[in-house]
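Asks: Protein chains in written order, with our numbering: chain X, 5 to 303; chain A, 15 to 351. C-beta atoms are modelled at their ideal positions from N, C-alpha and C, and glycine is treated no differently.
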């Protein structure tokens, strides 16, 4: 091993790696491409997001235009493929439009929590001492309440509306992300490569950027992605309780609420928003599982 | 390689002390202190290798971090060349860090898993403002020197190479800034024997090539004897004996040094010492024994050992020991001088 030339026979896969070592992200992409469950989840999610984004152009009807004559039409009714709701509004259009609301309410809090929580967690973890105690014990206060209760309490205090839902859900998710980011930071900070960077004269910003963030963002991102499905369910739950999106806007949780009395008349149509929530949160969960596996640092 | 009194020491450490607080409870109150390093003084002369040996937990690694000011000492002075390390400003310290570097013990924790090994080596140069392309070229050249073909290994990540190769990367990273002093904290302890020999030989070659000065920390007496000119024996945060490697091997004075040599496995039948090796674990550094810290495990302990810690006294040429047993010898030595 001492000489520059090493003659060794390696298994085929390793030889390929030795010839042209793949960059980290290319390895991740390579692994993802060999994981059908994650690919299907990703494709499903892409379809859901696209249909929500394109709702104004692809929705066949006005989501808020009802018809007394066509109430609770069954799935497959002419020109209403997924039937109509209790006010005769087209279900497909409402599901497409509702997806926008649900996705906004599901993704925004997690994104806010990811940005705010990572910052707080890294500061608390890297500074240590009193800063850490103050930040982490404050987070523990929020942690003391179950997520649903906390979301309902804050939403109840702020009043209904999409913006208030986003605030209350963000407050629910920030402490969780802080905790993950802080523990990752404390762990990485104590490793010798951080000490080595300090020994070579690197400043705090250089260490944070090249050594700390590079190693904690992956795990924190994966954790945040597992929270998206919970956020979607909580957002839908708040709307169901009348604390989230206000009628007549379409939102999956709200649709479940208003359709629930019709379940004895037509069982399939009221279940559709539930199916949409289930599929979306499931797709997020499968995708984050796949990402976690693909991003693992194992040769 | 005996220390030469006419030459100025490269590193001069006096009365170095570090006590770590143990905190607990909601208010993070300090309830005890770990006396990791307690009143340690020594010199390191240019181009020599000073071995530091002692059991786990005796403060060796803390000493390494104190010298490089990765951990701020509580008391004492560190002079590197003409510079007072403890008084250095941030800018001076950054400059000083180019001259003194550290090689870490754990080949797994000491490399950033997200950096390719050439980037890991080049990082130190980038920190000091070297242009990226030049930094990378120098990193690749150095990787080649430590035995890792940059074309084959440069773009690899740490998890794709072995422990011995990682340690070579660590050495390259420490050397890329062209330091004068290299502190090696158990650089081969995590490697298996055959790889240890390769890395030790590489270190010896590099030392000769670049006129480096080493502070070599290890718990392994065989390794210490192999690389060191002079040896510093530490026990519970204090220096108990210093001397040339040969002097210590031939006539270890301090009962702890004797016990260390007795318990080290040796292949040489003439070197076997028929003395009972040391018993028990070292006492807790949170609350070390009064006086001489070794007295609780020492076969020759006397009542006065509990009263005050013995001072380092010269018992031969460049051979100092901190033990009351040798006060008479030290007096004779002092007269002869």
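Leaving out five residues before and five after residue 294 (chain A) in sequence, what residues of the same chain have Cβ atoms less than 6 Å from its Cβ?
Replies: So the list reads 311, once near-sequence residues are dropped.
Asks: Distance cutoff 7 Å, beta carbons only. Does residue 108 (chain A) sit that close to anything in chain X?
Replies: Yes, residue 108 (chain A) lies at the interface with chain X (some Cβ there is under 7 Å from its Cβ).
Asks: Closer than 8 Å between beta carbons: that is the criterion. Which residues of the stretch 89-106 of chain A meet it against chain X?
Replies: For the stretch 89-106 of chain A, which is checked against every Cβ of chain X, not one residue is closer than 8 Å.
Asks: Considering only residues of the stretch 34-100 of chain X, which uninterrupted alpha helix (DSSP H) runs meet the minimum length of 4 residues and lie entirely inside it, listed in chain order?
Replies: Runs of the alpha helix (DSSP H) inside the stretch 34-100 of chain X: 40-57 and 59-62.
Asks: Which chain X residues are close to residue 128 (chain A), counting only those with a beta carbon under 7 Å from its beta carbon?
Replies: Within 7 Å Cβ-Cβ: 28, 218 and 219.
Asks: Throw me the rounded Cβ distance for the residue 274 (chain A) and residue 56 (chain A) pair, which I believe falls under 8 Å.
Replies: No, residue 274 (chain A) and residue 56 (chain A) are not in contact; Cβ-Cβ is about 18 Å, not under 8 Å.
Asks: For the beta strand (DSSP E) containing residue 257 (chain A), list its first residue and its last residue.
Replies: Here the beta strand (DSSP E) through residue 257 (chain A) covers 252-258.
Asks: Could you check whether the Cβ of residue 229 (chain A) sits closer than 7 Å to any Cβ belonging to chain X?
Replies: No, its Cβ sits nowhere closer than 7 Å to a Cβ of chain X.
Asks: From A:111, A:236 and A:230, pick the residue whose C-alpha is nearest to that of residue 204 (chain X); which is it?
Replies: Of the candidates A:111, A:236 and A:230, the one whose C-alpha sits nearest the C-alpha of residue 204 (chain X) is A:111.
Asks: What are the boundary residues of the alpha helix (DSSP H) that residue 77 (chain A) is part of?
Replies: 74-81 is the extent of the alpha helix (DSSP H) around residue 77 (chain A).
Asks: Please classify residue 231 (chain X) as buried or exposed, where buried requires at least 16 neighbouring CB atoms within 10 angstroms.
Replies: Residue 231 (chain X) is buried by the Cβ-count criterion.
Asks: What is the residue span of the beta strand (DSSP E) that residue 115 (chain A) lies within?
Replies: Start and end: 114-117.
Asks: Within the 7 Å Cβ cut-off, does residue 195 (chain X) reach chain A?
Replies: Closer than 7 Å: yes.
Asks: Go through its chain and collect everything with a Cβ distance to residue 112 (chain X)'s Cβ below 6 Å, but skip five positions before and after it.
Replies: If we look at residue 112 (chain X) and ignore the five residues flanking it on each side, its Cβ neighbours are 170.
Asks: How would you call residue 136 (chain X), buried or exposed, if buried means at least 16 neighbouring beta carbons within 10 angstroms?
Replies: Looking at its Cβ environment, which holds 16 or more other Cβ atoms inside 10 Å, residue 136 (chain X) is buried.
Asks: Give the range of the beta strand (DSSP E) segment to which residue 300 (chain X) is assigned.
Replies: That residue, residue 300 (chain X), is in no beta strand (DSSP E); it is neither H nor E in DSSP.
Asks: Can you give me the C-alpha to C-alpha distance between residue 85 (chain X) and residue 35 (chain X), rounded to a whole angstrom?
Replies: Spanning the two alpha carbons is a distance of roughly 38 Å.
Asks: Does DSSP put residue 33 (chain A) in a helix, a strand or coil?
Replies: In this structure, residue 33 (chain A) counts as strand in the three-state DSSP scheme.
Asks: Assuming the contact rule is C-beta atoms closer than 8 Å, residue 251 (chain A) and residue 73 (chain A) should be a hit. Round their C-beta distance to whole Å, please.
Replies: So it is a contact: roughly 4 Å between Cβ atoms.
Asks: In the DSSP assignment, the beta strand (DSSP E) including residue 90 (chain A) goes from what residue to what residue?
Replies: Run containing residue 90 (chain A): 89-94, per the beta strand (DSSP E) assignment.
Asks: Let me know the alpha helix (DSSP H) ranges lying completely inside the stretch 159-231 of chain A, each 4 residues or longer, listed in chain order.
Replies: Here the runs fully enclosed are 164-167, 177-189 and 207-224.
Asks: Exposed or buried, which one is residue 171 (chain A) when buried takes at least 16 other CB atoms within 10 Å?
Replies: Buried.
Asks: Taking the alpha-carbon of residue 155 (chain X) as reference, which of X:119, X:120 and X:110 has the nearest alpha-carbon?
Replies: Here the closest residue by C-alpha is X:110.
Asks: Going by beta-carbon coordinates alone, are residue 332 (chain A) and residue 344 (chain A) separated by less than 7 Å?
Replies: Their beta carbons are not under 7 Å apart, which means residue 332 (chain A) does not touch residue 344 (chain A) by this criterion.
Asks: For residue 4 (chain A), collect the residues of the same chain with a Cβ closer than 7 Å to its Cβ; drop the 5 residues on either side in sequence, then sort them by chain order.
Replies: Summary: the structure shown does not reach residue 4 (chain A), with chain A confined to residues 15 through 351, and so no result is reported for it.
Asks: Where DSSP assigns a beta bridge to residue 56 (chain A), which residues make up the other side?
Replies: DSSP, once it has assigned bridges, lists A:27 as partnering residue 56 (chain A).
Asks: Are the Cβ atoms of residue 89 (chain X) and residue 294 (chain X) separated by less than 7 Å?
Replies: Result no, Cβ atoms of residue 89 (chain X) and residue 294 (chain X) do not sit closer than 7 Å.
Asks: Between the stretch 174-187 of chain X and chain A, which residues of the former have CB atoms less than 9 Å from a CB of the latter, in chain order?
Replies: Those residues of the stretch 174-187 of chain X that come within reach of chain A (Cβ to Cβ, closer than 9 Å) do not exist; the list is empty.
Asks: Apart from the five residues just before and just after residue 135 (chain A), which ones in its own chain have a Cβ nearer than 7 Å to its Cβ?
Replies: Correct list, in chain order: 153, 156, 157, 183, 186, 187 and 190.
Asks: From residue 209 (chain A) to residue 232 (chain A), what distance separates their C-alpha atoms?
Replies: When rounded, the distance between both Cα atoms is 16 Å.
Asks: Which residues in chain A sit within 7 Å of residue 202 (chain X), going by Cβ to Cβ distance?
Replies: What residue 202 (chain X) touches in chain A: 84.
Asks: Do residue 197 (chain X) and residue 124 (chain A) count as a contact pair if the criterion is CB distance below 7 Å?
Replies: Yes. Within cutoff.
Asks: Please confirm whether residue 48 (chain A) has its beta-carbon closer than 7 Å to some beta-carbon of chain X.
Replies: Closer than 7 Å: no.
Asks: Can you give the beta carbon distance from residue 225 (chain A) to residue 61 (chain A), rounded, assuming they're within the 8 Å contact cut?
Replies: So it is a contact: roughly 5 Å between Cβ atoms.
Asks: By DSSP, does residue 248 (chain A) sit in helix, in strand, or in coil?
Replies: Three-state result, residue 248 (chain A): strand.
Asks: Flag this pair as yes or no: are the beta carbons of residue 104 (chain X) and residue 56 (chain X) separated by less than 7 Å?
Replies: The answer is yes: Cβ separation under 7 Å.
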